[in-house]
């Protein structure tokens, strides 16, 4: 994939993103900005949260982890499913019953203003650090494959992407982000499918052959039952469950949607 093609894809995606922002942010007010007028379609929110809960780091790192832990990450994914049931059956009904805009308001109602401010501060800190690291890793990939060859300094690339993010989130708020998340999810899944298809084509395999090779290869173990292993099933499963509860159910960005 040539640098010019990568830039073209990024530019087209950005234009599509801003078209969605323009369309969804018309007549926006505080209610639509913070809560999307409480009218967002559930399947759009759910689908978009797939892309919101993942990132370019996940896209890059999880396939690489197969080399060290085989398909053990699927144990974590099973834990995610249980965690999402806990969120759907316990946390979401609580948030709706209290009619919260910020989920940390519950901490204020239950434990007081100090706990509320502490929880909010840790959320902001985690978001700033996490977003910065994810952006650093993903932009490094673009820098290595595209912008270094063009002589564009790294700090210019970072500044450009920060400006783009500010522009598309400034106007529409939650009402807009629900739809841009859906767009992001669609392109991430499409990228995944195209990546698998490209690799299969390069290796000369069909889809059935690829599936057979994956599950018959030396990296195909999914469930680990030896307790001393790092990938021991209960550790991975319960870890995934609590990660889902903490990073989705107790996360303002995710629950606000």
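Numbering (this note's numbering), first residue to last: 427 to 683.
Positions of the beta carbon are idealized from the N, C-alpha and C atoms, including for glycine.
From 619, 670, 645 and 660, residue whose alpha carbon lies closest to that of residue 496: Against the chain shown, residue 496 aligns to sequence position 70. Comparing Cα positions, the closest option is 645.
Under 9 Å between C-beta atoms of residue 603 and residue 683: Mapped onto the chain shown, residue 603 falls at position 177. Mapped onto the chain shown, residue 683 falls at position 257. Result yes, Cβ atoms of residue 603 and residue 683 sit closer than 9 Å.
Any alpha helix (DSSP H) of 4 or more consecutive residues that is wholly inside the segment 603-673: 633-642 and 659-670
8 Å CB neighbourhood of residue 493 in its chain, flanking five on each side removed: Position 67 of the chain shown, counted from the start, is the residue given in the question as residue 493. The answer, listed in chain order, is 645.
Terminal residues of the alpha helix (DSSP H) in which residue 585 lies: Taking the first residue of the chain shown as position 1, residue 585 is located at position 159. DSSP places residue 585 inside the alpha helix (DSSP H), whose first and last residues are 580-596.
Cβ shell of residue 565 (< 8 Å), same chain only, five flanking positions each side left out: Here residue 565 refers to the residue found at position 139 when the chain shown is read from its first residue. Hits under 8 Å: 580, 583, 584 and 587.
Candidates 599, 577, 592 and 480: closest to residue 556 by CA position: By 1-based counting over the chain shown, the position of residue 556 is 130. The residue with the shortest Cα to Cα distance from residue 556 is 480.
First and last residue of the uninterrupted alpha helix (DSSP H) at residue 545: As a working note, residue 545 is residue 119 in the chain shown. Unbroken alpha helix (DSSP H) run through residue 545: 539-568.
Local conformation of residue 530 per DSSP, three classes: For this step, residue 530 is matched to residue 104 along the chain shown. Coil.
Endpoints, the alpha helix (DSSP H) within which residue 476 is located: For the purposes of this step, residue 476 is taken as residue 50 along the chain shown, with counting starting at 1. Element bounds for residue 476: 468-479.
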